[in-house]
Amino acid sequence: MWTWVLHRITGVGIYFFLLVHILDTALVRVSPEAYNSVVASYKTDIIGVAEIGLVGAILFHGFNGIRIMLIDFWRKGAKYQNQMFWVVLVIWVILMAGFIPRQLMHIFGA
Amino acid sequence: MAIVIEQPDAPRSRKGAQWEKRAWIFMRISGVILIFLIIGHLMVNIVLPERGVKAIDFAFVAGKWASPFWQVYDGLILWLALIHGTNGMRTLVNDYSEREWLRKALNVTLWVTAAALILLGTLVITTFDPCIDPNVHNYLPDLVCKG
Numbered sequence: 001m002w003t004w005v006l007h008r009i010t011g012v013g014i015y016f017f018l019l020v021h022i023l024d025t026a027l028v029r030v031s032p033e034a035y036n037s038v039v040a041s042y043k044t045d046i047i048g049v050a051e052i053g054l055v056g057a058i059l060f061h062g063f064n065g066i067r068i069m070l071i072d073f074w075r076k077g078a079k080y081q082n083q084m085f086w087v088v089l090v091i092w093v094i095l096m097a098g099f100i101p102r103q104l105m106h107i108f109g110a
Numbered sequence: 111m112a113i114v115i116e117q118p119d120a121p122r123s124r125k126g127a128q129w130e131k132r133a134w135i136f137m138r139i140s141g142v143i144l145i146f147l148i149i150g151h152l153m154v155n156i157v158l159p160e161r162g163v164k165a166i167d168f169a170f171v172a173g174k175w176a177s178p179f180w181q182v183y184d185g186l187i188l189w190l191a192l193i194h195g196t197n198g199m200r201t202l203v204n205d206y207s208e209r210e211w212l213r214k215a216l217n218v219t220l221w222v223t224a225a226a227l228i229l230l231g232t233l234v235i236t237t238f239d240p241c242i243d244p245n246v247h248n249y250l251p252d253l254v255c256k257g
């Protein structure tokens, strides 16, 4: 139930980021200055940290999506849906443990 | 106004059922492809480069889109993610909107937005011209610019 709610919330968040991301990338068709000045905001401390949240939402949504598909298509999927949630969580923690220091290094490192 | 809940076994038109089934299948197929495409996208753009997100600028994009591989790659993400996201939003609108006119208006808005952004994004990728940067030869030395 809560996994289902989280799947929806992360989905909506990613959707709105996608809209913004298409528009900011479209600025490469306007001028280098326009694109560079807008992309500079992605490199600020606050947005740089928020990107950790974005990547976390994407990874959760993706791996929980695989769990949903296994519930749909795997004969024992419904039976093991709870165990699969924990697998999703472990994969998520491992990937985030790799990403967070890397991102913090990029944002705050010399 | 009382909320009317549809009978689960209410007959659905054959066309409507087909559409829902195709949308359901699309979500699963596009979802699997997007996991690979987007993890690759994140790795190549913000994880692996030495300076990560701080290295992204016009020259970075021009360097990538000099190769048809990344044009197709980014075009695929654009189409699949936007249709996947729009259809997901449609599911939420259908679940939570109580007024029929509002539900229809939101769904029309979602698909118009998706069509506009797919058109915009596809045009940006296919008509991108690195020569609008006067310093382009600093990072793409072999590029030939007209005029």
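In the order they appear, the protein sequences are chains Y and H. Letter 96 of the first sequence, counting from 1, is numbered 96 in my numbering, and no numbers are missing. Letter 101 of the second sequence, counting from 1, is numbered 211 in my numbering, and no numbers are missing. Note that the Cβ used here is the ideal one computed from N, Cα and C, for glycine as well. Fair warning: this is a prediction, and the values are worked out from it, not measured in the lab.
(message) Under 8 Å, with one C-beta from each stretch per pair, do the stretch 55-62 of chain Y and the stretch 142-153 of chain H reach the 3-pair mark?
(response) yes
(message) Can you tell me whether residue 204(H) is helix, strand or coil according to DSSP?
(response) Position 94 of the second sequence, counted from the start, is the residue given in the question as residue 204(H). Residue 204(H): helix per DSSP, three-state reduction.
(request) Could you name the residues of the same chain whose beta carbon sits closer than 7 Å to that of residue 64(Y), not counting the 5 residues immediately before and after it, in chain order? (result) Locating residue 64(Y) in the first sequence gives position 64, counting from the first residue. Hits under 7 Å: 3, 7, 88.
(message) Contact between the stretch 170-182 of chain H and the stretch 231-250 of chain H is defined here as three or more beta-carbon pairs at a separation below 8 Å; is this criterion met?
(response) yes
(message) Against chain Y, with Cβ distances strictly below 8 Å, would residue 132(H) count as a contact?
(response) Here residue 132(H) refers to the residue found at position 22 when the second sequence is read from its first residue. Taking Cβ atoms only, chain Y never reaches closer than 8 Å to residue 132(H), which makes this a no.
(request) Would you decide whether residue 140(H) is buried or exposed? Buried here means 16 or more other CB atoms lie within 10 Å of its CB. (result) On the second sequence, residue 140(H) is found 30 positions in, with the first residue counted as 1. It is buried - the Cβ of residue 140(H) has at least 16 other Cβ atoms within 10 Å.
(message) Given 7 Å as the limit, tell me if residue 7(Y) has its C-beta closer than that to any heavy atom belonging to the ligand NAP.
(response) With respect to the ligand NAP, the structure offers nothing, as it holds no ligand at all.
(request) Report the rounded CA-to-CA distance for residue 106(Y) versus residue 97(Y), giving the unit in angstroms. (result) Against the first sequence, residue 106(Y) aligns to sequence position 106. Against the first sequence, residue 97(Y) aligns to sequence position 97. Their Cα atoms are separated by approximately 15 Å.
(request) Closer than 8 Å by beta-carbon distance: list the chain Y residues that pair up with residue 120(H), in chain order. (result) Your numbering for residue 120(H) matches position 10 in the second sequence. Residues of chain Y passing the Cβ test: none, with the nearest at roughly 23 Å.
(request) Spell out whether any CB of chain Y is found under 8 Å from the CB atom of residue 219(H). (result) For the purposes of this step, residue 219(H) is taken as the residue at position 109 of the second sequence. So, not an interface residue.
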